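For the sequence shown, UniProt numbering begins at 1 and goes up steadily by one.
For glycine and all other residues, C-beta sits at the position ideal for the given N, C-alpha and C.
A quick note: this is a predicted structure, and the numbers were derived from the prediction, not measured.
Take a look at the structure below.
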Amino acid sequence: MSGYTPRAKRKYSQNFFTDPETLALCVDMMKLQAENHVLEIGPGTGVLTQLLIERVRHLTAIEIDRDLLELLRLEYGYAQGLEFVEADFMRWPLEPWAQGLPLAQRKLVANIPYHLTSEIINKVLNLENLKKNGVSAELPWFSDIFLMVQNEVAQKIVSPEGSKDYGVLNIAVNLAAETEVMAILPKELFQPRPKVDSALLHLKPRTQPLVEISDSAGFWRLVTRIFQLRRKTLRNVMRSLDLAAEKVAVLEKKWNLGLRGETYSILDLAELAQDIGAAD
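Dropping the structure here:
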């Protein structure tokens, strides 16, 4: 923003990216095409906005901070194909923006506030629908999602089964999308400097579910209980679900209930949940 960095507002959890060269490398990794329609959440000082509008013909940037928005419009209002919207993204409907745009052209890029990470991921992947119905949607909102998030959260999302970071968030996100950490972004690249590093997280929403879940409520009941009793074996988890001893015995013919549930993959957990339902 012409060498000027506005004062960050704590109520919006603002941490502005201050290294255009590193950010340019990140944007290059996204392999955006000119015909893409990109949605940016929280353009902040416009460093990322500038790099995006140089690469794509259609950019919509949503900013909740009115003071920043005035500066952004002064700095970048001339750019063709760039639209600034004053709105709270969590209350902003995605459907009107996405309507009529081919899925392959719809991209999301954002440096998001740490405290809203789960809520934003939940919205852009439609995870509430996933948990209710077993699928996130007929078609996802975006073909690619690139988020700068707290590195610790990114690692939780990409970690394999059996790791300390494997959990409910990991399972929900990976059911809905392919996941990848593209880069680690040191805290020194942000102003004000946060206490922890960030990561560039790539989510590629699935157009077909990773696995068909016939009983979504039963699946999430099992998954939630497994990670509530993380250090317990599956046998203990089964008891906590009030399964009769004879039903546990049936399951034990197929499954090693002496293992911890956290060692089971998403596909295994879906199959186990189905078997539990059949045993009821």
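Short Cβ contact (8 Å threshold) for residue i with residue j
{"i": "L229", "j": "A273", "result": "no"}
{"i": "L108", "j": "L200", "result": "no"}
{"i": "A177", "j": "K204", "result": "yes"}
{"i": "L72", "j": "E63", "result": "yes"}
{"i": "G167", "j": "T263", "result": "no"}
{"i": "N151", "j": "I121", "result": "no"}
{"i": "T179", "j": "V153", "result": "no"}
{"i": "A24", "j": "L51", "result": "yes"}
{"i": "I266", "j": "N129", "result": "no"}
{"i": "E86", "j": "L74", "result": "no"}
{"i": "R225", "j": "L241", "result": "yes"}
{"i": "T207", "j": "P113", "result": "no"}
{"i": "M148", "j": "M29", "result": "no"}
Alpha-carbon spacing of residue i relative to residue j, whole angstroms
{"i": "M90", "j": "F142", "result": "16 Å"}
{"i": "G44", "j": "L251", "result": "53 Å"}
{"i": "P20", "j": "V237", "result": "49 Å"}
{"i": "H202", "j": "S118", "result": "15 Å"}
{"i": "F146", "j": "N111", "result": "9 Å"}
{"i": "I99", "j": "D215", "result": "First, the amino acid is wrong: residue 99 is Gln here, not Ile. Distance between the alpha carbons of Q99 and D215 is about 31 Å."}
{"i": "F227", "j": "L116", "result": "22 Å"}
{"i": "C26", "j": "R239", "result": "48 Å"}
{"i": "D144", "j": "K164", "result": "27 Å"}
{"i": "T18", "j": "I53", "result": "18 Å"}
{"i": "V261", "j": "G277", "result": "This sequence places Gly at residue 261; Val is not what is there. Distance between the alpha carbons of G261 and G277: 17 Å."}
{"i": "S198", "j": "K123", "result": "20 Å"}
Close-in-space but distant-in-sequence residues of the same chain around residue i (CB under 6 Å, 5 per side omitted)
{"i": "L32", "result": "R55 and V56"}
{"i": "K131", "result": "W220"}
{"i": "A172", "result": "L127"}
{"i": "L94", "result": "W141"}
Residue environment, residue i, which counts as buried when at least 16 other CB atoms sit within 10 Å
{"i": "V196", "result": "exposed"}
{"i": "P192", "result": "exposed"}
{"i": "L189", "result": "buried"}
{"i": "R66", "result": "exposed"}
{"i": "P102", "result": "exposed"}
{"i": "A245", "result": "exposed"}
{"i": "A249", "result": "exposed"}
Residues of its chain near residue i, where Cβ-Cβ distance is below 8 Å and the 5 sequence neighbours each way are ignored
{"i": "A34", "result": "R55, V56 and R57"}
{"i": "W255", "result": "L234, L272 and D275"}
{"i": "T49", "result": "E40, P43, L59, A61, L72, Y76 and L82"}
{"i": "N133", "result": "S216"}
Beta-carbon proximity list for residue i, same chain, < 7 Å, skipping 5 on both sides
{"i": "A270", "result": "V211, I213 and F219"}
{"i": "residue 283", "result": "Within the shown structure, residues of the chain are numbered from 1 to 280, placing residue 283 beyond reach of any answer."}
{"i": "Q105", "result": "E35, N36 and H37"}
{"i": "P160", "result": "Y166"}
{"i": "D88", "result": "I64"}
- Message: Quick check on the DSSP output: what are the complete alpha helix (DSSP H) runs of length 4 or more inside the region 235-275, in order along the chain?
- Response: 245-252
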